[in-house]
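**Student:** Can you keep this structure in mind? I'll have questions shortly.
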Amino acid sequence: MAAKAPVFATLGCRLNAYETEAMKELAASAGVQDAVVVNTCAVTAEAVRKARQEIRKLRRENPEAKIIVTGCAAQTEPATFSGMDEVDVVIGNTEKMQADTWNAMGPNFIGDTERVQVDDIMSVTETAGHLIDGFGTRSRAYVQVQNGCDHRCTFCIIPYGRGNSRSVPAGVVVDQIKRLVDKGYNEVVLTGVDLTSWGADLPAEPRLGDLVMRILKLVPDLPRLRISSIDSIEADDALMEAIATEMRLMPHLHLSLQHGDDLILKRMARRHLRDDAIKFCEDAKKLRPDMTYGADIIAGFPTETDAHFENSLKLVTDCDLTWLHVFPYSKREGTPAAKIPTQVNGNIIKERAARLRAAGDAQVQNHLQAQVGRTHHILMENEHMGRTEQFTEVHFDAPQVEGKLITAKILGLKGTQLIA
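According to the numbering used here, the stretch in the sequence shown is residues 747 to 1166, in order.
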């Protein structure tokens, strides 16, 4: 039977998806065959359960393949996955990005391959700028500029899966973006685990805003730059200047807010208060009136009362949030929050999460209705769908050219899409 190229399954965040693309190139260069690679997420206990479920499913579908498990859950719980009969090799988040790891698993797994290869990620001091060409689309490319996190929010296991914060030097980032623009990409997204901590470990300790301004200055042919999730309390002066003055920086920010009540924020060990979040959103919108916000919000954190929750619900309109990622709180063993005795009833958590999602849906509809009659610059992701500057989907009946930037007037809306 002929050997098959590896199959990759990605769970979790955009950074995982980025790293899967890098692993595909490493595996191809090493000649890895007849393998299934599962890049796991550890953000909640549910994410780990889904990873185990996905592994069992992939084993049934690929009975002859070697199964390689990596990602944050493999890093934080290697014994969980090495103990599964379906799993052949477990590799950590650092090891998965190293050519030597894949070379040892070259054709037919010939080589010295240990079953568990997971080292202490807290000892890692550098993040390489892996060169990839996007995600199989000609419209948008992603560039990892940072990895890891120095903060210890009480609900979060991710620092133990990603290690401490480390930055890709600005020169490496700029060179990669120039390369992507030369290949025809019209939009680049900067991505990382804690993006606003970029630069703290580099000489002279530059800030994220410095990186953004440098990219826009040194890559004048880049039409659109996006930044992914940020911690608003860490937004620096240069970033605010870029928001105000650089129209090539897209007016869409995803904010790591997590809650709208000061007491719960303190129990989460967050570094901002409710008023800080509101002020940032108001300030950024004054600088850029077309700015839209997404946000992560957790429902049902331990000790959350009805009054605490109402403050989160109110935050949706107080900050004029549009795109919500609502997370029902899930106890994560190994985190301080899991030890808090006053856990919220699961049914109450579900009900609160549903109310937050409903509030988010109403905000989306308000945003969509406000776009009708306006003209937008739209980046086409396929023949019939593109996205505005605010990342809103736009549908076209007539086919367009994938990857192209076009200007169109919004004629109406259908569901969560605009119609042009």
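Ideal placement from N, C-alpha and C gives every residue a C-beta, glycine not left out. Only a predicted model underlies this, so the values are computations on that prediction, with no experimental measurement involved.
DSSP has Ser1002 in a bridge; who is on the other side?
**Tutor:** According to DSSP, which records beta bridges pairwise, Ser1002 is partnered with Asp1042.
**Student:** Taking the Cβ atom as the reference point for each residue, do Leu941 and Ser975 lie within a distance shorter than 8 Å?
**Tutor:** Their beta carbons are under 8 Å apart, which means Leu941 touches Ser975 by this criterion.
**Student:** Start and end of the alpha helix (DSSP H) containing Thr937?
**Tutor:** That residue, Thr937, is in no alpha helix (DSSP H); its beta strand (DSSP E) goes 933–937.
**Student:** Are the beta-carbon atoms of Leu1151 and Pro905 separated by less than 8 Å?
**Tutor:** No, they are not a contact pair.
**Student:** For the putative contact between Gly1092 and Thr1068, defined by C-beta atoms under 8 Å, what is the C-beta separation to the nearest angstrom?
**Tutor:** Their Cβ separation, rounded to whole angstroms, is 28 Å, which puts Gly1092 and Thr1068 out of contact at 8 Å.
**Student:** Compute the beta-carbon to beta-carbon distance between Arg1103 and Val1072, rounded to the nearest angstrom, for a pair I have assumed lies under 8 Å.
**Tutor:** That belief holds up - the Cβ atoms of Arg1103 and Val1072 are roughly 5 Å apart, short of 8 Å.
**Student:** For a test of the three-state rule: what should DSSP assign to Gln863, helix, strand or coil?
**Tutor:** Strand at Gln863.
**Student:** So for Trp1069, helix, strand or coil by DSSP?
**Tutor:** Strand at Trp1069.
**Student:** Quick check on the DSSP output: the alpha helix (DSSP H) that includes Ile1165 runs from which residue to which?
**Tutor:** Taken as a continuous stretch (DSSP letters only), Ile1165 belongs to no alpha helix (DSSP H), being part of the beta strand (DSSP E) at 1163–1165.
**Student:** Can you tell me whether Arg1017 is buried or exposed? The criterion is at least 16 other CB atoms within 10 Å of its CB, across all chains shown.
**Tutor:** Arg1017 comes out exposed.
**Student:** Tell whether a beta-carbon distance below 8 Å holds between Ala820 and Val836.
**Tutor:** It is a contact, given that the beta carbons lie within the stated cut-off.
**Student:** Fully enclosed by the region 915–996, which alpha helix (DSSP H) runs are 4 residues long or longer?
**Tutor:** Qualifying alpha helix (DSSP H) stretches, in chain order: 916–928, 954–964, 983–991.
**Student:** Taking three-plus beta-carbon pairs below 8 Å as touching, is the region 756–773 in contact with the region 933–951?
**Tutor:** Yes, the region 756–773 touches the region 933–951.
**Student:** Report yes if the CB atom of Ala797 is closer than 8 Å to the CB atom of Thr790, and no otherwise.
**Tutor:** No, Cβ-Cβ distance for Ala797 and Thr790 is not below 8 Å.
**Student:** Spatial neighbours of Ala981 within its chain, please: C-beta separation below 7 Å, excluding the five flanking residues on both sides.
**Tutor:** Closer than 7 Å at Cβ, skipping near neighbours: Thr942, Phe1026.
**Student:** Classify Pro1082 as helix, strand or coil using the three-state DSSP reduction.
**Tutor:** The answer is helix: DSSP assigns Pro1082 an H, G or I state.
**Student:** Helix, strand or coil: how does DSSP classify Val784 here?
**Tutor:** In the structure shown, Val784 sits in a strand (DSSP, three-state: E or B).
**Student:** Which term fits Ser1058, buried or exposed, when burial requires 16 or more other beta carbons within 10 angstroms of its beta carbon?
**Tutor:** Buried.
**Student:** Could you give the uninterrupted runs of the alpha helix (DSSP H) lying entirely in the region 815–847, keeping only those of 4 residues or more?
**Tutor:** Whole alpha helix (DSSP H) segments, 4+ residues: 818–822, 824–828.
**Student:** Counting along the chain, where does the beta strand (DSSP E) carrying Thr1153 start and finish?
**Tutor:** Its beta strand (DSSP E) spans residues 1151–1155.
**Student:** In this structure, does DSSP put Asn807 in helix, strand or coil?
**Tutor:** Per the sequence shown, the amino acid found at residue 807 is Glu instead of Asn. If DSSP states are grouped into helix, strand and coil, Glu807 belongs with the helices.
**Student:** Flag this pair as yes or no: are the beta carbons of Ile973 and Val920 separated by less than 8 Å?
**Tutor:** Not in contact: Ile973 and Val920 (Cβ atoms no closer than 8 Å).
**Student:** On the DSSP letters alone, give me the boundaries of the beta strand (DSSP E) that Gln1115 sits inside.
**Tutor:** Per DSSP, Gln1115 belongs to no beta strand (DSSP E); it is in the alpha helix (DSSP H), 1092–1117.
**Student:** Give me the DSSP bridge partner(s) of Leu1125.
**Tutor:** Arg1133, Leu1151, per the DSSP bridge assignment.
**Student:** Can you tell me the Cβ-Cβ gap for Leu1154 and His1122, rounded? I've got them flagged as a contact below 8 Å.
**Tutor:** For clarity, residue 1154 is Ala in the given sequence; the question names Leu instead. Indeed, because the Cβ distance is near 7 Å, the residues count as touching under 8 Å.
**Student:** What is the rounded straight-line gap between the Cα of Glu951 and the Cα of Arg1013?
**Tutor:** The straight-line gap from Cα to Cα measures roughly 29 Å.
**Student:** From this set, Ile1010, Glu1139, Met1131, Ala845, which residue's C-alpha is nearest Gln1146's C-alpha?
**Tutor:** If we check each option's Cα against that of Gln1146, Met1131 comes out closest.
**Student:** Spell out the partners DSSP gives Tyr888 in its beta bridges.
**Tutor:** In DSSP, Tyr888 forms a bridge with Val935.
**Student:** If you reduce the DSSP assignment to three classes, tell me which class Glu800 lands in.
**Tutor:** Three-state result, Glu800: helix.
**Student:** DSSP has Phe754 in a bridge; who is on the other side?
**Tutor:** In the DSSP output, where bridge partners are listed per residue, Phe754 has Val783.
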